[in-house]
Amino acid sequence: MTLPRLLWVPALLGFAVIVLPVIGLLDRVEWARLPALVTSDAALSALGLSMQTAAMSTLVCLLLGGPLAFVLARSDFRGLRVLRSLVLLPLVLPPVVGGLALLYLLGRNGFLGQLLGVQLPYTTAAVVLAQTFVAMPFLVVSLEGALRTAGERYEAVAATLGAGRWTVLRRVTIPLLLPGIGSGVVLAFARALGEFGATIAFAGSLQGTTRTLPLEIYLQRESDVDAAVALSLLLVVIAIVVIVVARPRAVEGLR
Amino acid sequence: MKRMSVLLSLLLIAACTSGPEKREVTVFAAASLKDAFTELEKSYEASHPGVDVRISFGGSSDLAQQIVNGAPADVFASASPSTMDTVAKADLIDGRAEVFAVNTLRIAVPQGNPKGIRTLADLTKPGTALVLCAPQVPCGAAAKQVAMAAKLTFKPVSEEPDVRSVLGKVAAKEADAGLVYVTDVLSAPGKVEGVDFPESADAVNEYPLALLKKTGQAQLAREFAELVRGQAGRDVLTRAGFGPP
Amino acid sequence: MRAQFRLARGKFTLDVELAVEPGEVVAVLGPNGSGKSTLLNLIAGLLRPDTGHLSLDGRDLLGAPPHRRGIGLLAQEPLLFPHLSVLANVEFGPRAQYRADYRETALRWLDEVDARAFADRKPRQLSGGQAQRVALARALAADPELLLLDEPLTALDVDAAPAMRGLLRRVLRTRNRPAIMVTHDALDALVLADRVIVLDAGRIVEQGPTRTVLTRPRSPFAARIAGLNLVPGTTVDGGIRSSAGVFIAGRGSAGAGEDGVAVFSPAAVAVHRDNPHGSPRNALRVRLAGMEPHGDLIRLRAEDGLAADITPAAAAELELEPGQDVWFVVKATEVGVHAARGGVWGRD
Chain V
1 MTLPRLLWVP
11 ALLGFAVIVL
21 PVIGLLDRVE
31 WARLPALVTS
41 DAALSALGLS
51 MQTAAMSTLV
61 CLLLGGPLAF
71 VLARSDFRGL
81 RVLRSLVLLP
91 LVLPPVVGGL
101 ALLYLLGRNG
111 FLGQLLGVQL
121 PYTTAAVVLA
131 QTFVAMPFLV
141 VSLEGALRTA
151 GERYEAVAAT
161 LGAGRWTVLR
171 RVTIPLLLPG
181 IGSGVVLAFA
191 RALGEFGATI
201 AFAGSLQGTT
211 RTLPLEIYLQ
221 RESDVDAAVA
231 LSLLLVVIAI
241 VVIVVARPRA
251 VEGLR
Chain E
1001 MKRMSVLLSL
1011 LLIAACTSGP
1021 EKREVTVFAA
1031 ASLKDAFTEL
1041 EKSYEASHPG
1051 VDVRISFGGS
1061 SDLAQQIVNG
1071 APADVFASAS
1081 PSTMDTVAKA
1091 DLIDGRAEVF
1101 AVNTLRIAVP
1111 QGNPKGIRTL
1121 ADLTKPGTAL
1131 VLCAPQVPCG
1141 AAAKQVAMAA
1151 KLTFKPVSEE
1161 PDVRSVLGKV
1171 AAKEADAGLV
1181 YVTDVLSAPG
1191 KVEGVDFPES
1201 ADAVNEYPLA
1211 LLKKTGQAQL
1221 AREFAELVRG
1231 QAGRDVLTRA
1241 GFGPP
Chain C
2001 MRAQFRLARG
2011 KFTLDVELAV
2021 EPGEVVAVLG
2031 PNGSGKSTLL
2041 NLIAGLLRPD
2051 TGHLSLDGRD
2061 LLGAPPHRRG
2071 IGLLAQEPLL
2081 FPHLSVLANV
2091 EFGPRAQYRA
2101 DYRETALRWL
2111 DEVDARAFAD
2121 RKPRQLSGGQ
2131 AQRVALARAL
2141 AADPELLLLD
2151 EPLTALDVDA
2161 APAMRGLLRR
2171 VLRTRNRPAI
2181 MVTHDALDAL
2191 VLADRVIVLD
2201 AGRIVEQGPT
2211 RTVLTRPRSP
2221 FAARIAGLNL
2231 VPGTTVDGGI
2241 RSSAGVFIAG
2251 RGSAGAGEDG
2261 VAVFSPAAVA
2271 VHRDNPHGSP
2281 RNALRVRLAG
2291 MEPHGDLIRL
2301 RAEDGLAADI
2311 TPAAAAELEL
2321 EPGQDVWFVV
2331 KATEVGVHAA
2341 RGGVWGRD
């Protein structure tokens, strides 16, 4: 189908809205100071913490969100639709609301926090939990979509060949789902990497423990805008690597 | 006939509100000034009929960045001399900035002071969850100063990017204590209590105010600055917890 | 296999009872939406009936999950697992059943369907016909007690279908285990099935030996897809020798010396009062049993069941009446010769 030419105008404007701010950021970068700024102790510590926590929370998303996606896509019970909508909640909530919610649930005065008797706020685990909260829907939604389009016909065939439920899951469903899992993982990782609001509200901000790269950027811009811009650039580069390089591979997966 | 007069008066009202008489003064003020400046805005508007004061509250460095990048402000009231310098370096200040208030640190503890904190040294007790501002922001720099003066080493569980986050953590009882400004403690009655400490005198935070160039309302802006610096302003600021310069 | 199911889905209700004897191949015919695929899914365990029972070799299967039923399924599309090689696809069943000889089993079935050459390929590198052959090998390598075939030839192009049909016929005969095949093609039923069940709106409206149902259909659906002339016999080179000893020339893929059947449409038959000697056509002497209108044409029925459709003008010119002897003449190119499911013809 040939597109009406007029469609290109808003399409290009839409693209510009996404890309131009990044160019604006590039324009503001102090290239001479850049190497020193992105390799400062605080920057490296924040970068390392961000990578670790994002990887951890992506793993938690996969271990919990994967089964959740299966239940949402393949089961049938009353209230399933409501459940499916609730899963999207972190997508539409401001992250800081998520952070406050976590604080009042798992903080020292939260009912679950008191019940479990654990001190989560101000720990790296709290960062992982906050990131998991905001990133989980990305994994669940993309996995659920993949599960729906994959259909159940291959699984039915596998069952008629004598394969039990776990064998079907392990040898048919999951391999067929790998592209969906890949893109879900990439999206969840990218979201976790960029998480700010829930982290600052729930986990606080302490170098080496809870101050991830976005928190470091937010802090640096108070005192040293150049440093904030340099770290922003770092985050942009990482994000581009993740979504441009990793995602198509993950999506194409088996093909 | 009666209906006609109602219609006429409605038209008159409409004409008045959209008339050219309407004038505006735009003030950029540090977030900690919110209560005090909101009160001053009211008294200014009462004595200046037809003038609308619009105040944008925010972090001082954010506001400074916005002004440098062309935001239309007539007055800038900052929480730190360094952020005011940012604006001064961009040659945007009309005249010079003057300190109009000072703010000092106070220990904030949750209502009832569950950990029984009495002195600055109590903050270093093991098992006390202390939250500070990060050293990069003014309240954190001040906390660092008092620690050095008292020869104490704080081990905070978190270094927040702004003072309101510290206050929030204490108010939510997720921290046993925090170092905030006197004004912050006063702004959250019933949630937090303040504990004074003598070392606070070593870290006095100055609040400069400046008129900005490129303003179309120089006279109105000057009158607002005079209100802030005058006795009426002094009273309001004192009630909010600010000290005199 | 004995089965009885009742399943209501909105307005549609499936209510069937059927039995398949050991070694028997049953074709299920029926219009779209008649419940054919639903029936197969119920037997396979992919759907649960509201009420019913199902047993295979005396085992009660209704409560068993699909993978414990020993019932294989070959669908319209091959549905080969795209992430596995051809060999791994065929090995899937025996491996899922923890059989140690999965490799030999898979290779044996790949040989059986003449697909060993593709063993290392991925499914996407196969043509439709090749993929369906591999899918058959995969289904059979799982060693099912009962094989279900859901329109296994429908998705194949016209070149690939005859070869697959021949393969299915050979495999079903050598296995000697029961199979149920859903189809809408009379030829599939003819070549592969001992017995035909016609399903309409969720109920069995007709059943019987394949030839009986296809030559003397009682249900409207069977009449629509069948109504063909079938002459059983033994295949010979270039045609078939009927059980009455008449040679009929035709085209087909069957080898010589097999049980077979010549198939031609009533519309392809010309009717003569005298034997048209010296013509390269097949001429069959028949005695007219009756005449009936058939659309714009007249359908002539012979006593041995053959039919011919001719125009009313031709019928008038021939001055035909029941009991008369006439010649049914049909070109060799209009006659298909197929190997047919053995045993059927003996019962008829």
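Chains as they are written, first to last, in my numbering: chain V, 1 to 255; chain E, 1001 to 1245; chain C, 2001 to 2348.
Using N, Cα and C, we set each Cβ at its ideal position, and we do this for glycine too.
Taken through DSSP and simplified to helix, strand or coil, V:Glu30 comes out as coil. In the structure shown, C:Gln2207 falls within a strand segment according to DSSP collapsed to helix, strand and coil. When C:Arg2170, C:Arg2048 and C:Leu2073 are compared, the shortest CA-CA separation from C:Pro2065 is found for C:Arg2048. At a cut-off of 8 angstroms between C-beta atoms, V:Leu37 does not count as an interface residue with respect to chain E. Using beta-carbon distances, E:Ala1172 counts as an interface residue toward chain V, with a partner under 8 angstroms. The beta carbon of V:Leu176 falls within 8 angstroms of a beta carbon belonging to chain C, placing the residue at that interface. A distance below 8 angstroms between beta-carbons, with the five flanking residues on each side excluded, links C:Thr2311 to the following residues of its chain, in chain order: Asp2296, Leu2297 and Ile2298. For C:Ala2268, no beta strand (DSSP E) segment is defined, and its DSSP state is neither H nor E. Taking a cut-off of 8 angstroms on C-beta distances, the segment 2002-2017 of chain C does not touch the segment 2184-2195 of chain C, as fewer than three cross pairs fall below it.
Between C:Val2263 and C:Phe2328, the CB-CB gap reaches or exceeds 8 angstroms. Within chain V, Ser205 and Leu219 have C-beta atoms less than 7 angstroms from the C-beta of E:Ala1134, given in sequence order. Bridge partners of C:Trp2327 according to DSSP: C:His2272 and C:Arg2285.
Contact between the segment 178-185 of chain V and the segment 143-155 of chain V is present, with at least three C-beta pairs closer than 8 angstroms. Distance from the CA of C:Ala2163 to the CA of C:His2338, rounded to the nearest whole angstrom, comes to 12 angstroms. Taking the Cα of C:Arg2273 as reference, the smallest distance to any Cα among C:Gln2324, C:Gly2035 and C:Pro2293 is reached at C:Gln2324. Under the three-state reduction of DSSP, E:Val1137 is assigned to coil, being neither helix nor strand. The beta-carbon separation of E:Asp1062 and E:Ser1187, rounded to 19 angstroms, does not stay under the 8 angstroms limit for a contact. Residues of chain V whose Cβ lies closer than 8 angstroms to the Cβ of E:Pro1161 are, in chain order, Ile200, Ser205, Leu215, Tyr218, Leu219 and Glu222. Linking C:Leu2040 to V:Met51 through their CA atoms gives a straight-line distance of about 52 angstroms. At a cut-off of 8 angstroms, the C-beta of C:Ile2071 has a neighbouring C-beta in chain V. Counting only Cβ-Cβ distances below 8 angstroms, V:Arg74 has no contacts in chain C at all, with the closest Cβ about 14 angstroms away. Taking 8 angstroms as the CB threshold, C:Pro2066 lines the interface with chain V.
Residue nearest to C:Thr2154 within the set C:Leu2167, C:Arg2116, C:Ala2075 and C:Arg2195 is C:Ala2075 (criterion: CA-CA distance). Taking 8 angstroms as the threshold, the shortest C-beta distance from V:Leu147 to chain C does not fall below it. Remark: C-beta atoms of E:Leu1092 and E:Gly1233 do not approach each other more closely than 8 angstroms. In the structure shown, V:Tyr122 falls within a coil segment according to DSSP collapsed to helix, strand and coil. Its Cα nearest to that of E:Gly1070, the residue E:Lys1213 stands out among E:Val1146, E:Lys1173 and E:Lys1213.
In this structure, the straight-line span from the alpha carbon of V:Ser232 to that of V:Ile18 is close to 15 angstroms.
Its Cα nearest to that of V:Ala126, the residue V:Ala198 stands out among V:Ala188, V:Ala198 and V:Leu213. Under the 8 angstroms criterion on CB atoms, E:Val1025 is classed as non-interfacial with respect to chain V. Counting along the chain, C:Gln2004 sits inside no alpha helix (DSSP H); it lies in the beta strand (DSSP E) bounded by residues Arg2002 to Arg2009. Pairing C:Ala2003 with C:Ala2139, the inter-Cα distance amounts to about 22 angstroms.
Neighbours of V:Leu103 in chain E, taken as residues whose beta carbon is under 7 angstroms from its own, are Ala1172 and Glu1174 in chain order.
In the three-state scheme derived from DSSP, where H, G and I count as helix and E and B as strand, C:Gly2250 is classed as coil. When the beta-carbon positions are compared, E:Val1099 and E:Glu1206 come within less than 8 angstroms of each other. Around C:Thr2183, the same chain offers Ala2027, Leu2029, Glu2151 and Ala2189 as residues with beta carbons nearer than 7 angstroms, after the five sequence neighbours per side are excluded.
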